[in-house]
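In the numbering used here, the protein residues as written are 20 to 246.
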């Protein structure tokens, strides 16, 4: 019996070493190539820009990269939100009103892309939006995943020339009367399922709900835009 003890100890040490050598990652490293964390999004990424810029020179989706998820990763999901939108939307660009740090804020979705293939860990600049599209880009499947709807889908009345289900990416448009630089947080999730089973008109809240219990790893990066 005593002669077996060294062998048992050796096996246990070996198993412990193997477990420690390959921990299951719980964090993805997400980057916006060319933009430092906490840096500023370029004018070309914005939805609202000074008059006179051609439609193909703005509302261009930024490049995004992330580290590979754990071995069981079957898909990724990407969400981007502005954390600093005024809760009272009627105050936006209202004459005589200035929005300050004390103005109550809420998050608002700017980009929804799910069912990203597990082989994809990078999106090129412009692949999700290569310019301004008045009624928004179509929802549904693309080569890089399934587009959901962003918050601009809610912004316009039905008779507006800008009304439509705005799919995928549409960029920053902070109010002109806002003194605060808005924070844009882009999050990527590694999931243990190939599809969230969504389709048609769906928003970020539906994607987050379907992700619950399937997230293997996640990460985020923040950038600024505004005055």
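Even for Gly, the Cβ is constructed at its ideal location relative to N, Cα and C.
From a predicted model like this one, the values you see are computed outputs, not experimental measurements.
Inter-residue spacing [alpha-carbon to alpha-carbon] between residue 41 and residue 136: Confidence at residue 41 is low in this model, with a pLDDT of 40, below 50, so the placement of that residue should be treated as unreliable; the coordinate-derived value is given next. If I take the Cα positions, the gap works out to 23 Å.
Beta carbon of residue 58 nearer than 8 Å to that of residue 209: no
Same chain only: Cβ atoms within 8 Å of residue 46, ignoring 5 sequence neighbours per side: 236, 237 and 238
Cβ-Cβ separation, residue 140 to residue 87 (assumed contact under 8 Å), whole Å: 6 Å
Residue 44 versus residue 145: straight-line alpha-carbon distance, rounded: Note that residue 44 has pLDDT 43, beneath the 50 cutoff, so the model's placement of it is unreliable and the number below is only indicative. The straight-line gap from Cα to Cα measures roughly 29 Å.
Segment contact, 8 Å Cβ cut-off, at least three pairs: the stretch 118 to 135 with the stretch 97 to 104: yes
Range of the contiguous beta strand (DSSP E) that encloses residue 99: 94 to 105
Opposing strand residues paired with residue 125 [DSSP bridges]: 104
Straight-line Cα distance separating residue 60 from residue 115: 28 Å
Nearest-angstrom Cα separation, counted from residue 176 out to residue 107: 18 Å
Classification of residue 156 by the beta-carbon crowding that lies within 10 angstroms, buried from 16 upward: buried
Residue interval of the alpha helix (DSSP H) (run including residue 229): 223 to 230
Proximity winner among 230, 194 and 234, relative to residue 67 (alpha-carbon distances): 194
Nearest neighbour of residue 130, chosen from 48, 142 and 138 [CA to CA]: 142
Spatial neighbours of residue 198 in its chain, beta-carbon cut-off 8 Å, leaving aside the 5 residues before and after: 117, 118, 119, 120 and 246
Within 8 Å, strictly: CB atoms of residue 74 and residue 190: no
Status (buried if at least 16 other CB within 10 Å, exposed otherwise) for residue 231: exposed
Cross-strand partners of residue 249 (DSSP beta bridge): Past the boundaries of the shown model lies residue 249; the chain is included only from 20 to 246, so the question cannot be answered.
Buried or exposed by the 16-neighbour rule on C-beta atoms within 10 Å, applied to residue 80: buried
Under the three-state DSSP convention, the category residue 253 falls into: No information on residue 253 is available, as it lies outside the stretch 20 to 246 that the chain covers here.
Residue closest to residue 84, alpha-carbon to alpha-carbon, out of 214, 182 and 53: 53
Cβ-based burial, residue 96 [other Cβ within 10 Å; buried from 16]: buried
Other residues of its chain near residue 154: CB distance less than 6 Å, five sequence neighbours each side excluded: 183
Reduced DSSP category for residue 171 - H, G, I as helix; E, B as strand; rest coil: helix
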